[in-house]
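Have a look at the structure below before the remarks.
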DNA sequence: CGCAGGCTGGCAAGCGGTTGCCAAATGTTG
DNA sequence: CAACATTTGGCAACCGCTTGCCAGCCTGCG
């Protein structure tokens, strides 16, 4: 039993107690096979008795490897990151790595600063939706292995959601429901994902002979979605795809407040499948990003890099998205081509039996 | 300009370039005043030119202080922790500390393991809703300063929500609405908060001449709340207080599915005021824990401890909770004493104008 | 029997800072 | 101007662990 009185024991204490040199103790732990099996076992026993644990800091100094990775998130309070964090943690822990979580608080400056302090502490970095410029990221990337999430930066390996395919599924879904014009409610212009999604939407509507219109940009939040309401009223459509779930939720609330019914009057599709998506009313139809898998993949690839693997030069690693159909989308009502929200008295939607989930969301 | 070619420069490089001894460089950074102002300035300039940054690892070895703290969370995906994390991060960053976020994934074993690896890396630890036993926590606490959140452990300083007062407000609110019997939907038995809340509820109903009944325990999740439905149907009441928001949301969904209307037939109050609480329909009336402040306070107190402050022996630091009144609570309908859920056809609730927030939630 | 080669374990030089102690330089005082 | 107090900067010994290099020992083989 370890008594927690004094300082924790070092390899020297173990070495003395076991009657060997400190280097042998070190090797017994760090270099299996380099030391005689019996000796190693004896050392192991003595170490256990003394309650010895190798000090990661001291180990890191000569080796230069800390077994820590940094995960930088632009905003921890955004539920979008929850599963990413968890996936990343899982992959890191599994590989014996500790995760240094940093919240950039939506500020490129804070992100830089935090990174500056962390960079010498970690073996690699995952940047989830960084707010920094491409060049700043490349700067970091030449000091330590870096993986960016949901973004493409030249010369820096990345992991992204397959937005085009996900968007395609969403458009097909709306098309099957009879919608002909789709409004895209745009997120931040600086967002790589936003550009990709809009582009994919245009291609999809073109192929399927539908029409798309874009409004925005807005903040990628509930408030931002609500703000889109005004513009939407000017270009009424029966179907909307929002940049992300938060905005979709905000928009639905605004629509409802204005007297429109979702999905009867307007179908709304979100992106990301965040936790709250299935909690809101109506439950949100959304394109589910493989959040957990993304976090996991990012970390795994990062660790591969730290072990000296060459980054794949085939562009970003793309993970499949799935459409989760819930209750915010429905058939377009033919007799209601040009919705006049708010003019008809709302009679209330009966409890929907639905919430059919087309694809498992996690 | 720092060229990112070679290894990062050390104090020796700076010392040589500035024509001083390495110790002087060290002191110029770590011991202001110990070195002549001019010399220090010159060193500073040279260091900047070389792109020198002090290596936290190397510094930690001799000093024993890493400027890192560990924040252990029982489940990062639980939105309850979002603001706590952020508050903690903010306080840590402000003090120049880096946060090591660890997700215990609801497992006491994983928590221990993670802690074991982290303990030698950090100057202090915040345990948010730990799954470990009191004695295990005390064990950790004698190796490093520890602050526990939302729990009382003898001899270990803690920060908690003022549950009794919050519960009292909730009961008063329901009482004012005419409810006479309140059902408490319990969370995990092992939860310290659960016990505190139930006790507070009993006291409050006693003082106000109301009645309380307890069902459970259930999992503190949406599914757990839904599971409570069955038991609730057996003891119908017009008012329910759930252990937390997630359960309240689950319960509301189950009630709605069963044909009961919230809040017309049943008023529901949650705890925590998580992000989704205002997004669901009806928006949830809930007791808002000062999440951000808790994270912040925990870290500040922890850092005070690492600086050698004696822990306050006055028991846990208690932070005030506030009641946020939204749309899930309403006047009890006198003619509906014994609700027969599901027998009457639901006609649908008109869009509520409400969502009145009695107290700012953040 | 002599020797090359594989195992083992020890020695000691770092890794990049910190800091107690000392001495030179400078400032103060009587 | 001598004696003494203060600054200021350098020396060198760590902090705890890793690892290149070396030597002793044991085997196996010609």
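Residue numbers (the working numbering), protein chains in the order written: chain A, 1 to 362; chain B, 363 to 724. Positions of the beta carbon are idealized from the N, C-alpha and C atoms, including for glycine.
Inter-residue spacing [alpha-carbon to alpha-carbon] between residue i and residue j
i	j	result
residue 333(A)	residue 226(A)	24 Å
residue 85(A)	residue 438(B)	8 Å
residue 395(B)	residue 131(A)	38 Å
residue 18(A)	residue 369(B)	38 Å
residue 547(B)	residue 578(B)	6 Å
residue 535(B)	residue 182(A)	45 Å
residue 337(A)	residue 238(A)	Any reading at residue 337(A) is ruled out, since the residue's pLDDT is 47, under 50, leaving its predicted position unreliable.
residue 275(A)	residue 305(A)	31 Å
residue 45(A)	residue 68(A)	28 Å
residue 513(B)	residue 496(B)	10 Å
residue 604(B)	residue 211(A)	47 Å
residue 383(B)	residue 416(B)	16 Å
residue 469(B)	residue 261(A)	43 Å
residue 367(A)	residue 74(A)	Look at the range of chain A in this structure, 1 to 362, and you will see that residue 367(A) is not part of it.
residue 2(A)	residue 50(A)	Reliability fails at residue 2(A), whose pLDDT of 39 lies under 50, so the model's placement of it is uncertain and the value that follows must be treated cautiously. Near 6 Å, if we compare the C-alpha coordinates of residue 50(A) and residue 2(A).
residue 660(B)	residue 453(B)	9 Å
residue 266(A)	residue 235(A)	12 Å
residue 541(B)	residue 532(B)	11 Å
residue 392(B)	residue 671(B)	22 Å
residue 94(A)	residue 515(B)	31 Å
residue 555(B)	residue 582(B)	12 Å
residue 61(A)	residue 523(B)	41 Å
Supposed contact pair residue j and residue i - C-beta distance, whole angstroms, cut 8 Å
i	j	result
residue 481(B)	residue 502(B)	7 Å
residue 149(A)	residue 101(A)	Contact doesn't hold; Cβ gap of about 14 Å is too wide.
residue 644(B)	residue 690(B)	5 Å
residue 98(A)	residue 378(B)	That belief does not hold up - the Cβ atoms of residue 98(A) and residue 378(B) are roughly 35 Å apart, past 8 Å.
residue 233(A)	residue 218(A)	Contact flag wrong, Cβ pair sits at about 14 Å.
residue 163(A)	residue 190(A)	Between residue 190(A) and residue 163(A) the Cβ distance is about 16 Å, and since that is not below 8 Å, they are no contact.
residue 609(B)	residue 657(B)	In fact, because the Cβ distance is near 22 Å, the residues do not count as touching under 8 Å.
residue 167(A)	residue 287(A)	7 Å
Counted within 10 angstroms of its Cβ, other Cβ atoms place residue i as buried (16 or more) or exposed
i	result
residue 635(B)	buried
residue 592(B)	exposed
residue 389(B)	buried
residue 103(A)	buried
residue 5(A)	Low confidence applies to residue 5(A): its pLDDT is 46, below 50, so where it sits in the model is not reliable, and the reading given next is rough at best. Burial call: exposed.
residue 449(B)	buried
residue 615(B)	buried
residue 484(B)	buried
residue 399(B)	exposed
residue 207(A)	exposed
residue 312(B)	A question about residue 312(B) goes unanswered here, because the residues of chain B that appear run from 363 up to 724.
residue 676(B)	exposed
residue 52(A)	buried
residue 403(B)	exposed
residue 331(A)	exposed
residue 209(A)	exposed
Identified DSSP bridge partners for residue i
i	result
residue 211(A)	181(A)
residue 69(A)	99(A), 124(A)
residue 270(A)	286(A)
residue 161(A)	319(A)
residue 667(B)	Paired residues: none, contrary to the question.
residue 46(A)	Per DSSP, none; premise fails for residue 46(A).
residue 511(B)	490(B), 521(B)
residue 686(B)	648(B)
residue 366(A)	As displayed, chain A neither begins before 1 nor continues past 362, which places residue 366(A) out of reach and without an answer.
For the stretch 115 to 149 of chain A, which residues have a CB atom closer than 8 Å to at least one CB atom of chain B, in sequence order?
116, 117, 118, 120, 121, 139, 142, 143
Closer than 7 Å between beta carbons: that is the criterion. Which residues of the stretch 68 to 90 of chain A meet it against chain B?
76, 77, 79, 82, 83, 85, 86, 89
Please identify, using Cβ separations under 8 Å, the residues of the stretch 42 to 59 of chain A that lie next to chain B, in order along the chain.
53, 55, 56, 57, 58
Given a limit of 8 Å on CB to CB distance, which residues of the stretch 597 to 614 of chain B reach chain A?
611
Against chain A, which members of the stretch 630 to 654 of chain B pass a CB distance test of less than 7 Å?
637, 638, 641, 642, 643
Please list, in chain order, the residues of the stretch 89 to 113 of chain A that have any C-beta partner in chain B closer than 9 Å.
89, 90, 93, 96, 98, 99, 100, 101, 102, 103, 105, 110, 113
Residues of the stretch 654 to 666 of chain B with Cβ closer than 8 Å to any Cβ of chain A, in chain order:
none
May I ask you to list, following chain order, the residues of the stretch 561 to 591 of chain B that have a beta carbon less than 8 Å from some beta carbon of chain A?
584
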